[in-house]
Amino acid sequence: MNLLVIGSAEQAEECTRKFGETHEWHVCSDVHNAHREIRQAEVIFDFVTDQLKDYPRGLSAVIFLDTSAARLSTLMEPSPHYHGRTFGFCGLPTLINREVLEVSRLADSHEDLLSAVCKQLGTSYEVVADQ
224 MNLLVIGSAE
234 QAEECTRKFG
244 ETHEWHVCSD
254 VHNAHREIRQ
264 AEVIFDFVTD
274 QLKDYPRGLS
284 AVIFLDTSAA
294 RLSTLMEPSP
304 HYHGRTFGFC
314 GLPTLINREV
324 LEVSRLADSH
334 EDLLSAVCKQ
344 LGTSYEVVAD
354 Q
């Protein structure tokens, strides 16, 4: 899979340890520096999160937003067009590279997509409350 980490090199390293090196990885410090990478990504792990409104429209990528400091529903307010393809995760150091990835979602109807993506990423997951 083509994966993009929007964040630091350390955050990208933790994602690589969790999901493996078999994927094609890209790292950008913010959305504004990820023009080509963001359009090619199949999955985006966004640790910056306040730039979702700046994502280009029409992306097909699944987006995981770091919800360690804000609720997923709050982060999604300015960008409802990615509602069905965006999930939350806790991006605090050492919390990604665990056996089970804890994620939040906005609706039960998003479960099939979440399940399929986590299977492709090779990870177990558990849905947690958006709080």
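Just remember that our numbering sits 223 ahead of the position in the sequence shown, which is counted from 1.
Ideal Cβ positions, reconstructed from N, Cα and C, are used throughout, including at glycine.
* Considering only residues of the same chain and omitting the five flanking positions on each side of residue 246, which have a CB-CB separation below 6 angstroms? -> Working through the sequence shown from its first residue, we reach residue 246 at position 23. If we look at residue 246 and ignore the five residues flanking it on each side, its Cβ neighbours are 224 and 226.
* Beta-carbon gap between residue 268 and residue 326 smaller than 7 angstroms -> Here residue 268 is taken as the residue at index 45 of the sequence shown, counted from 1. Here residue 326 is taken as the residue at index 103 of the sequence shown, counted from 1. No, the Cβ-Cβ distance between residue 268 and residue 326 is not below 7 angstroms.
* **Backbone CA spacing between residue 331 and residue 288 [nearest angstrom]** => To locate residue 331, count along the sequence shown from 1; it is residue 108. To locate residue 288, count along the sequence shown from 1; it is residue 65. Approximately 18 angstroms, taken between the alpha carbons.
* Asked: residue 230: buried (16+ other C-beta within 10 angstroms of its C-beta) or exposed?
  -> Translated into the one-based positions of the sequence shown, residue 230 becomes position 7. Flag for residue 230 reads buried.
* To do: Please classify residue 234: is it buried, with 16 or more other beta-carbons within 10 angstroms of its beta-carbon, or exposed?
  => Sequence index remark: in the sequence shown, residue 234 carries index 11 (1-based). That one is buried.
* **Inter-residue Cα distance where the pair is residue 310 and residue 284** => Counted from its first residue, the sequence shown places residue 310 at position 87. Counted from its first residue, the sequence shown places residue 284 at position 61. Each residue's Cα considered, the two are about 11 angstroms apart.
* Asked: If you run the structure through DSSP and keep just helix, strand and coil, what is residue 337?
  -> By one-based count along the sequence shown, residue 337 stands at place 114. Here residue 337 sits in helix by DSSP.
* To do: Label residue 295 either buried or exposed according to how many other C-beta atoms from any shown protein chain fall within 10 Å of its C-beta, with 16 as the threshold for buried.
  => By one-based count along the sequence shown, residue 295 stands at place 72. Its Cβ being crowded by 16 or more others within 10 Å, residue 295 is buried.
* To do: Could you check what DSSP says for residue 269 in three-state terms: helix, strand or coil?
  => Locating residue 269 in the sequence shown gives position 46, counting from the first residue. It is a strand residue.
* residue 238 by DSSP, collapsed to three states: which one? -> Sequence index remark: in the sequence shown, residue 238 carries index 15 (1-based). Residue 238: helix per DSSP, three-state reduction.
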